[in-house]
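For reference, the structure discussed in these notes is given below.
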Amino acid sequence: MGTVVIRLECAPSGLRGKLSLWMIEISSGVYIGDINCRIRTRLWRRILSELGDGRATMAWYTQHRLHACNRNGKKSVAGQDGMLLMSSPLKPKDNPSVKQI
13 MGTVVIRLEC APSGLRGKLS LWMIEISSGV YIGDINCRIR TRLWRRILSE LGDGRATMAW
73 YTQHRLHACN RNGKKSVAGQ DGMLLMSSPL KPKDNPSVKQ I
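My numbering applies: residue 13 is where the sequence shown begins, and numbers increase by one.
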């Protein structure tokens, strides 16, 4: 068993209700629970199938290692030297040679 944190944005209310059967909603769209690998995998599959245009992020800690995955988010999970990092796309810089009309 391991601690799992799931964050949902713009998710259907039915999906939020299904998550609340297994986890505690500690804040709007943020769920935490102590569930095993099988339940965690099934919940993530359910989230992916019912999420639609919403966004979801899941993080869990097992056997001295942190794991994370996300769906439809602006950030992506990247591993670097054994650490998980969240990377976000760079914003385009203003081009001084282009004049605004």
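All residues carry an ideal CB built from backbone N, CA and C; glycine is no exception.
From a predicted model like this one, the values you see are computed outputs, not experimental measurements.
Counterpart residues of residue i in DSSP-defined beta bridges
i   : result
R57 : None; R57 has no bridge partner.
S39 : V42
R77 : T74
G14 : I47
R67 : E21
N82 : T69
Reduced DSSP secondary structure (H/G/I, E/B, other) of residue i
i   : result
G29 : helix
C22 : coil
Quiz prompt | Three CB pairs or more closer than 8 Å across the stretch 27-39 and the stretch 49-64 | solution = Yes, since at least three Cβ pairs between the stretch 27-39 and the stretch 49-64 fall closer than 8 Å, the two stretches touch.
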